[in-house]
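Numbering (the working numbering), first residue to last: 4 to 913. Even glycine gets a Cβ: it sits at the ideal position worked out from N, Cα and C.
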């Protein structure tokens with residue numbers, strides 16, 4: 004006999020070990036089987052399972068388990084990313100905590116050895132955590148982005164792209180992290196809103212130039228007064244960068260400065276002559292309309308400098324200190340100063356010398372390194388770049404013509420927007436942990452790009468008469484570079500492997516919206532370029548998990564839901580089901596209570612299995628569901644078939660919420676609430692033939708239900724499958740994970756049985772709803788009458804009389820020509836029925852109760868409408884707060900409508 008409850012702590016590790024040891028996670032060897040493949044978005048090797056991982060990997064596992072059960076050869080390929088900055092930071096911190104020498108004191112080779120030692124002993128926790136979630140990856144094919152085979156692939160790609168002119172070295176602006184002294188990607192930049200200042204500086208015009216500046220205007224905005232100025236005012240939030248100014252920009256249509264374009268300014272600190280240029284970047288409505296241009300320290304300024312021919316002068320070093328290495332006119336007193344110390348010094352000087360005109364408070368966004376926490380500097384430096392524009396064109400075309408699709412389709416807009424406006428991709432990082440750039444430098448600065456040092460030396464021999472010392476580039480590649488090759492490098496490329504032939508292109512990619520451009524687009528570019536084929540047929544974008552109020556989860560807010568804690572306390576299945584059923588929105592509102600609710604769903608399934616077992620529902624050798632005679636058995640067969648269609652279509656379409664909802668409705672509302680209730684009288688009845696058929700049908704339906712449920716809730720379903728193995732005839736499939744997806748033909752749907760049981764279900768539902776609305780005590784059994792029913796309804800009443808008495812909790816069922824006195828009427832299935840409540844409830848008291856509750860709803864509706872009608876509230880309140888009020892309004896209006904309908908029924912009684 005089944006235990007009273009499912010024990011996930013005991014069952015989950017045992018079941019997962021059985022699956023993994025059986026080899027079922029590997030693709031089936033049948034070469035005739037259709038291939039289905041999916042590569043895991045590789046989590047950082049330093050990482051721990053968070054709620055986003057739980058969502059993403061649950062959805063992937065649903066796909067893998069479903070397609071495996073449909074008979075396909077499924078490859079779900081797992082792996083981890085070497086995570087350059089994150090891993091290097093972890094090891095450096097460990098060295099510091101242990102009192103060891105620093106990375107730079109240790110030297111590159113020794114430090115990299117230490118990182119490999121750390122990986123061997125401390126990494127791997129996230130793989131075990133994915134196992135706890137139930138991820139059915141093929142762990143025998145697990146990859147790491149720094150595996151030797153993947154290093155070969157990375158070097159080959161780099162060399163080939165360089166030969167094709169698609170990788171090159173250039174001096175451009177990058178996001179520079181002064182703490183780690185490396186360039187970082189946009190994804191590693193955290194934009195923080197902070198309080199700051201605009202300092203307004205007067206820059207003196209050179210050569211005695213003056214102009215008339217408007218200072219007063221009429222109602223139409225036309226200037227009425229002017230003053231003569233020998234300076235132009237600019238504003239900045241970063242005064243320290245003014246040391247690198249090489250121009251001031253004004254809008255070409257700004258009449259105030261039309262006569263100044265082409266004139267010169269004497270820089271107030273360096274004395275450098277800088278030119279006034281016209282460029283659309285300057286906004287006449289913002290500040291003075293004039294903008295200082297520092298091409299080496301601002302991305303927008305860099306663009307202005309390129310368009311107008313302004314020089315880019317670097318005045319910061321790698322540590323964020325002032326330097327005059329590029330331009331000697333930077334005063335020595337500032338050299339070596341930290342950028343923020345220099346800021347204060349420059350402001351103090353401007354104030355002392357009289358060219359500080361105004362200090363304006365502002366709230367602005369400041370970029371920070373997401374790991375270092377320091378302010379990021381746009382910095383001009385030599386880096387390696389990919390010509391992303393050229394590679395992007397085939398990637399754009401592939402999605403335009405449907406070779407790869409997005410689900411939901413709207414996310415393709417993000418993809419197109421980025422690729423159509425793509426900039427060169429900076430791929431070099433000033434780190435030690437990662438794929439070292441395969442470029443070597445000769446004594447005279449020549450660059451030799453090669454897959455090995457030996458190949459580089461052969462190239463160098465063409466330039467030198469004898470062996471020369473070459474030194475390899477110190478930088479490593481951006482982590483996203485190796486990740487861009489993930490769909491094919493993990494399958495053995497550049498070798499022509501069986502896996503590549505069978506599983507590339509992959510079928511699906513499941514990932515988050517925030518890395519569509521950082522990862523998805525780059526995989527498309529690389530896959531098309533090196534494999535001449537898209538890397539995946541479909542991209543499924545999952546939402547962002549937030550707390551129950553719609554706020555982003557953070558440790559500081561204390562609203563983080565730890566998936567490992569949930570698995571410890573509730574099991575993996577409730578978490579997985581919650582992730583699936585909530586996955587249809589961009590912002591998933593998650594609460595522990597929601598997960599606990601779906602644990603109850605698992606309990607409902609377990610109890611249904613116990614009930615079936617207690618009523619001797621067993622598999623019967625040779626049982627054919629197509630031949631059942633009883634109406635309830637033909638009905639549940641059809642309902643199961645429809646549910647199976649819905650679940651299959653939803654999973655195939657990447658609509659995991661629809662799949663979970665269909666499962667919930669069938670298991671809870673159809674199988675448990677109705678079929679088993681309708682079967683109870685059969686199990687306790689005297690008709691042995693009917694009883695035998697219903698027991699066999701119950702056992703068969705339960706088995707098919709476990710199959711449908713398995714991709715979403717694998718542990719509890721596998722446990723039930725095993726525990727019920729001895730209940731009747733043996734199954735051909737010893738494990739559920741290896742079982743075939745249910746084959747449910749259209750012929751299983753029986754319209755007549757559906758109509759018959761549908762009538763019964765609707766009628767009982769109406770009776771129960773009416774009892775609840777009218778506050779009828781549970782123990783009360785009012786009589787039910789049908790008013791002038793037709794012959795079909797009369798026949799149904801006769802056939803289901805006993806069930807109606809039990810399920811409707813009524814004392815008698817009669818047929819009447821008119822509505823009995825003191826009865827409340829309702830319509831169900833086209834027939835009018837009347838429930839006699841006079842003498843059972845106090846009609847006057849019930850009417851007063853309903854009126855009081857309606858008034859309470861009116862008060863709530865008025866209160867919420869007042870809030871939502873206030874423009875200030877709607878404009879200033881957080882979006883989730885406004886949405887919460889709208890939901891409250893909808894709930895109140897629905898509640899009021901329900902009570903009004905009940906009151907109208909009472910009024911009809913008289």
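Considering only the alpha carbon of each residue, which of the options lies closest to residue i?
i: residue 504; options: 11, 5, 17 and 38; result: 38
i: residue 281; options: 272, 256, 290 and 291; result: 256
i: residue 285; options: 22, 307 and 188; result: 307
i: residue 35; options: 74, 91 and 903; result: 74
i: residue 33; options: 419, 62 and 76; result: 76
i: residue 625; options: 259, 731 and 579; result: 731
i: residue 203; options: 610, 292, 298 and 520; result: 292
i: residue 192; options: 492, 107, 640 and 378; result: 378
i: residue 521; options: 846, 190, 78 and 894; result: 190
i: residue 457; options: 864, 441 and 733; result: 441
i: residue 619; options: 369, 649 and 698; result: 698
i: residue 145; options: 41, 472 and 311; result: 41
i: residue 678; options: 154, 364, 597 and 763; result: 763
i: residue 546; options: 5, 582, 347 and 807; result: 582
i: residue 488; options: 417, 561, 72 and 537; result: 537
i: residue 65; options: 140, 20 and 275; result: 140
i: residue 666; options: 471, 644, 813 and 95; result: 644
i: residue 714; options: 443, 877 and 651; result: 651
Buried or exposed: residue i, going by 16 or more other Cβ atoms within 10 Å of its Cβ?
i: residue 168; result: exposed
i: residue 706; result: buried
i: residue 818; result: exposed
i: residue 195; result: exposed
i: residue 612; result: buried
i: residue 229; result: exposed
i: residue 137; result: buried
i: residue 3; result: Past the edges of the chain, shown from 4 to 913, lies residue 3, and the structure says nothing about it.
i: residue 197; result: exposed
i: residue 161; result: buried
i: residue 467; result: exposed
i: residue 839; result: buried
i: residue 867; result: buried
i: residue 367; result: exposed
i: residue 632; result: exposed
i: residue 122; result: buried
i: residue 386; result: buried
i: residue 879; result: exposed
Quick one: measure Cβ to Cβ for residue i and residue j, integer angstroms, because I've assumed they're closer than 8 Å.
i: residue 296; j: residue 248; result: 7 Å
i: residue 439; j: residue 475; result: 6 Å
i: residue 240; j: residue 200; result: 7 Å
i: residue 383; j: residue 315; result: 5 Å
i: residue 265; j: residue 279; result: 7 Å
Roughly how many angstroms separate the alpha carbons of residue i and residue j, rounded to a whole number?
i: residue 55; j: residue 61; result: 10 Å
i: residue 322; j: residue 662; result: 53 Å
i: residue 795; j: residue 815; result: 20 Å
i: residue 334; j: residue 352; result: 13 Å
i: residue 701; j: residue 758; result: 20 Å
i: residue 636; j: residue 540; result: 41 Å
i: residue 566; j: residue 158; result: 38 Å
i: residue 554; j: residue 402; result: 33 Å
i: residue 491; j: residue 421; result: 23 Å
>> When you compare the segment 602 to 610 with the segment 169 to 184, are there three or more beta-carbon pairs, one atom per stretch, that lie closer than 8 Å?
In response: no
>> Across the segment 784 to 796 and the segment 807 to 825, are there enough close Cβ pairs to call them in contact, namely three or more that are closer than 8 Å?
In response: yes
>> For the structure I just gave you, are there three or more beta carbon pairs, one from the segment 451 to 462 and one from the segment 427 to 438, closer than 8 Å?
In response: no
>> Three Cβ pairs or more, each shorter than 8 Å: is that satisfied between the segment 227 to 237 and the segment 337 to 345?
In response: no
> Can at least three beta-carbon pairs, one atom from the segment 566 to 575 and one from the segment 545 to 555, be found at a separation below 8 Å?
Replying inline: no
> Counting pairs of beta carbons, one from the segment 717 to 729 and one from the segment 4 to 16, are three or more of them closer than 8 Å?
Replying inline: yes
> Is the segment 202 to 217 close to the segment 386 to 393, with three or more CB pairs under 8 Å?
Replying inline: no
>> Count Cβ pairs between the segment 767 to 779 and the segment 825 to 836 that sit closer than 8 Å; are there 3 or more?
In response: yes
>> Tell me whether the segment 889 to 907 and the segment 854 to 862 touch, counting them as touching only if at least three CB pairs, one residue from each stretch, are closer than 8 Å.
In response: yes
>> When you compare the segment 844 to 851 with the segment 774 to 782, are there three or more beta-carbon pairs, one atom per stretch, that lie closer than 8 Å?
In response: yes
> Is it true that the segment 896 to 911 meets the segment 849 to 857, where meeting means three or more beta-carbon pairs spaced less than 8 Å apart?
Replying inline: yes
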